[in-house]
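Just so we're on the same page, the numbering used here is the position in the sequence shown counted from 1, plus 1.
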Amino acid sequence: MILGLADESTAEHRILPHLSKGKRGFKTRLDLVKVFQVILKRMKTGCRWRELSIKKYFGVDVPCWQTVYYHFNKRNRDGIALACFCHQILAKIKS
């Protein structure tokens, strides 16, 4: 567990509110909490994007690894990863 974010309820309350909302384009059909969990697993293990065990998280409706990478890259460009990390560090310091 990385900074206590691996469970769904914690990620939903601490991460999803920080994600940017798209003004145009399509809405994702994926559960963003599960996408976030897969990204955390990739960051923790350091494995290649192709080697992620995506079926374990999504079950029957499995996206390809490029979809998970797309969400990672999009959030990274927005600066959301850094903002979430800073928010978590500050929360740990305060408690």
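All residues carry an ideal CB built from backbone N, CA and C; glycine is no exception.
Closest by C-alpha distance to residue i, when choosing among the options
i: W66; options: G80, D79, R43; result: R43
i: D32; options: W50, D62, K95; result: D62
i: K28; options: R78, H72, L41; result: H72
i: R49; options: S10, R76, Y70; result: Y70
i: I40; options: A92, R76, I94, S10; result: R76
Straight-line Cα distance separating residue j from residue i
i: I55; j: G80; result: 24 Å
i: F37; j: H14; result: 13 Å
i: V34; j: L53; result: 16 Å
i: K45; j: R51; result: 15 Å
i: Y58; j: I94; result: 31 Å
i: T68; j: S10; result: 23 Å
i: R30; j: R78; result: 21 Å
i: I3; j: P64; result: Per-residue confidence for I3 stands at a pLDDT of 46, beneath the threshold of 50, marking its modelled position as unreliable; the derived number appears in the next sentence. Near 23 Å, if we compare the C-alpha coordinates of P64 and I3.
### Query
Can you give, in chain order, each stretch of the beta strand (DSSP E) that sits fully within the stretch 26-92 and has at least 3 residues?
none
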